[in-house]
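Residue numbers (the working numbering), protein chains in the order written: chain P, 189 to 456; chain R, 6 to 266.
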């Protein structure tokens, strides 16, 4: 309603083409990266090593101490952890992305969405490096991939959509409600154990399986395991449902963001 | 008919300041049945101004009169409740807190980011950033983190950066309050050049002598409304008269209170 009442027209925009937006996005992402890791190269190295080192810990605990029997458990665990870790890191950083640039938002007319996307871009680069390590490991250990692996790019796209949608929603809410950060950290911690990262969904009792079915990240990780680690085709219906859920989450996040962004500068 | 670089029509802006500020979701949920009470602060109450292209306009008024809010709405940092704003040409804002520089980034990185946000193309960026740093006389500190710079240096950098954006319109809030005489002189020389190039400047200032000396016209805001506009001198006089009236009224009140006591 308000949007209609107030109008601000700029006859000559700063950004004429998509290229200009991409250039700005890259600039923000580079600065974002420098702000975060300015003190230590180790900081960045850690963000790459982190899922790998946790992988070693979980692997030891679940194979040596607890005797989990899952075929190619190493590959299974590593893939799940990389996917989960991206969701964890990207939504956490995305949530902060507006608040840490409060000064910028209050003083310069920067397209606000780009701040969130820049933060997501940085997390995505770490994610891609981790995935590359995973694939190298998969081939080095002689497992390789089978034909169903062609479904994986779609799952990655769905994962990016879900993560972006959540980051967009949380970032604006975080400016308004400062305890969203803690709340989300708690959600992530619980979410980790409700997602088949360290365990296989088939190990769960039948009447608990719905937890994975309604958990979008759980669906993606489950299908990723299927196509990459076990070389099995995922159910096409399940894949379509996952994609629809991903699109809905992204659209919702973006709508919430656009609704709330006008008043952001006043809450900072 | 003159071309207007900025047209503001009937812009209103009300800030809602909650009496109890619930900044956490938990508090909000706990108080869901309690109606939120707000202090309504009408920052702008139907402001209309027009700024001709190539003019240097001074915005004056007391603290809280809505000057900064108006500038922020023109800049697009704040969004009004109603009204229209038209900005013809690219605009560089330099608002009260600087440019949103980040203290952990170096001088160069900060300038790069600001210039990019204001639409500086990739091929022009390096040259423009170098020029801005030169203007601010901070070449030696190019790779120093912003937090290691003095306040004066930071303001100089902000000003130089905003100028180097090559915008057609400059929106400047209280930039001359800091900076030594030499830098101020440099600023005014630059304003002079900018005016010659047909660029438009809107300056918020409490330094009335600056407004009088450099502006083509002045706009006097009081409680979110335009009270007077036109050539600087009469507008400034009107403002000073109003300030004097307010001061006398306050003094009278004081003496009356003293008598009662």
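Heads up, the beta-carbon is just placed ideally off N, CA and C, and yes, glycines get one too.
All figures in this text were calculated on a predicted structure; none of them were measured in a lab.
- Neighbours of residue 377(P) in chain R, taken as residues whose beta carbon is under 8 Å from its own, are absent, since the nearest beta carbon is some 18 Å off.
- Residue range 290–295 is occupied by the alpha helix (DSSP H) that includes residue 291(P).
- According to the DSSP assignment, residue 194(R) belongs to the alpha helix (DSSP H) that extends over 186–201.
- If you check each beta-carbon in the segment 70–101 of chain R against every beta-carbon of chain P, the ones closer than 7 Å belong to 80, 81, 82, 83, 84, 85, 86, 87, 88, 89, 90, 91, 92, 93, 94, 95, 98 and 100.
- Straight through space, the alpha carbons of residue 84(R) and residue 18(R) are spaced by roughly 8 Å.
- Spanning the alpha carbons of residue 420(P) and residue 381(P) requires a straight line of approximately 24 Å.
- Under the Cβ distance rule, residue 300(P) does not count among the residues neighbouring chain R, no pair being separated by less than 7 Å.
- The alpha-carbon of residue 162(R) is positioned some 43 Å away from that of residue 240(P).
- When C-beta distances to chain P are compared with 8 Å, the residues of the segment 10–26 of chain R below that value are 16 and 20, in chain order.
- Taking the Cβ atoms as the reference, residue 372(P) lies roughly 6 Å from residue 283(P), within the contact range of under 8 Å.
- Judged by their CB atoms, residue 245(R) and residue 178(R) are not nearer to each other than the 7 Å cut-off.
- Sequence-ordered contacts of the segment 281–295 of chain P with chain R read 288, 289, 290, 291, 292, 293, 294 and 295 [C-beta pairs closer than 9 Å].
- Close partners of residue 223(P) in chain R (Cβ separation under 8 Å): 107, 109 and 110.
- Distance check between residue 215(R) and each of 231(R), 192(R), 15(R) and 131(R) places 192(R) closest, using alpha-carbon atoms only.
- With contacts defined as CB atoms closer than 7 Å, residue 9(R) and residue 44(R) fail to qualify as a contacting pair.
- The bridge partners DSSP lists for residue 60(R) come to none.
- Of 286(P), 387(P), 266(P) and 432(P), the smallest CA-CA separation from residue 347(P) is found for 432(P).
- The alpha-carbon separation between residue 298(P) and residue 304(P) amounts to approximately 12 Å.
- Closest in C-alpha terms to residue 99(R), from the list 116(R), 88(R) and 93(R), comes 116(R).
- Inter-segment contact for the segment 198–217 of chain R and the segment 60–75 of chain R is present: three or more beta-carbon pairs are separated by less than 8 Å.
- DSSP places residue 119(R) inside the alpha helix (DSSP H), whose first and last residues are 112–122.
- Under a 10 Å Cβ-count criterion, residue 257(R) is classified as exposed, with fewer than 16 other Cβ atoms of the shown protein chains found around its own Cβ.
- Taking the Cβ atoms as the reference, residue 195(R) lies roughly 6 Å from residue 168(R), within the contact range of under 8 Å.
- Against chain P, the CB of residue 28(R) has a partner CB under 7 Å away; the residue lies at that interface.
- Take residue 262(P), set aside five residues on each side of it, and the residues of its chain with a beta-carbon closer than 7 Å to its own are 247, in chain order.
- Here the segment 333–346 of chain P does not lie against the segment 250–262 of chain P, with fewer than 3 beta-carbon pairs under 8 Å apart.
- The continuous beta strand (DSSP E) containing residue 207(R) extends over residues 205–209.
- At a cut-off of 7 Å between C-beta atoms, residue 277(P) does not count as an interface residue with respect to chain R.
- The C-alpha of residue 427(P) is placed about 31 Å away from the C-alpha of residue 285(P).
- For the 7 Å CB-CB criterion, residue 176(R) and residue 120(R) do not form a contact.
- A buried status is given to residue 441(P), since no fewer than 16 other beta-carbon atoms sit within 10 Å of its beta-carbon.
- Looking at the backbone, the Cα of residue 123(R) and that of residue 32(R) are separated by about 39 Å.
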